[in-house]
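The sequence shown: position 9 = 31 (the numbering used here), numbered continuously.
Structure first, then comments.
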Amino acid sequence: MPEGFEMQQDHQRILAPEVRVMRKVEEIEEQIRNLTGDELAEFRKWYAEFDAQAWDRQIEADVKAGKLDALGEAARRARREGKSTEL
23 MPEGFEMQQD HQRILAPEVR VMRKVEEIEE QIRNLTGDEL AEFRKWYAEF
73 DAQAWDRQIE ADVKAGKLDA LGEAARRARR EGKSTEL
């Protein structure tokens with residue numbers, strides 16, 4: 023086996039998932055570029071809803087994990103100290 027061959031194989035195994043992801047993304051991009059105007063409008067509507075749901079799930083997970091606790095406390099402190107206004 024040539025010197026460095028094993029390292030090259032390991033490197034390819036490590037990058038293989040990234041390469042597959044990039045190919046998949048590039049294929050999706052190409053498909054989107056080829057949509058008609060009506061298809062693109064439908065896709066945008068679908069994606070906006072999909073993205074909003076993903077955002078909601080992430081926020082809910084962050085709240086459950088306590089990642090927003092410091093922000094909440096800072097907001098409550100600002101309110102107690104009169105540094106905020108009613109909406």
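Glycine included, every Cβ here is placed at the ideal spot set by N, Cα and C.
Computed from a predicted structure; not experimentally measured.
Straight-line Cα distance separating residue j from residue i
i	j	result
E103	L62	49 Å
A38	R101	51 Å
A97	R45	44 Å
A76	V85	14 Å
G59	V43	27 Å
V47	V41	10 Å
T107	R55	46 Å
F16	L57	Outside the shown range of the chain, which is 23 to 109, sits residue 16, and nothing can be said about it.
D192	E95	This structure cannot settle anything about residue 192, because the visible part of the chain is limited to 23 through 109.
K89	W68	29 Å
A87	K105	27 Å
I81	D91	12 Å
Enclosing alpha helix (DSSP H) for residue i [first to last residue]
i	result
P96	For the sequence presented, residue 96 should be read as Ala rather than Pro. Residues 91 to 102.
K86	59 to 86
Chain-order list of residues whose beta-carbon lies under 6 Å from that of residue i (same chain, five-residue window excluded)
i	result
E52	none
Contacting residues, own chain, Cβ-Cβ under 8 Å from residue i (five flanking each side not counted)
i	result
R79	none
Distance cut-off 8 Å: residue i Cβ against heavy atoms of the ligand ZN
i	result
L109	Ligands are entirely absent from the displayed structure, and the ligand ZN is therefore not among its contents.
Contacting residues, own chain, Cβ-Cβ under 7 Å from residue i (five flanking each side not counted)
i	result
L93	none
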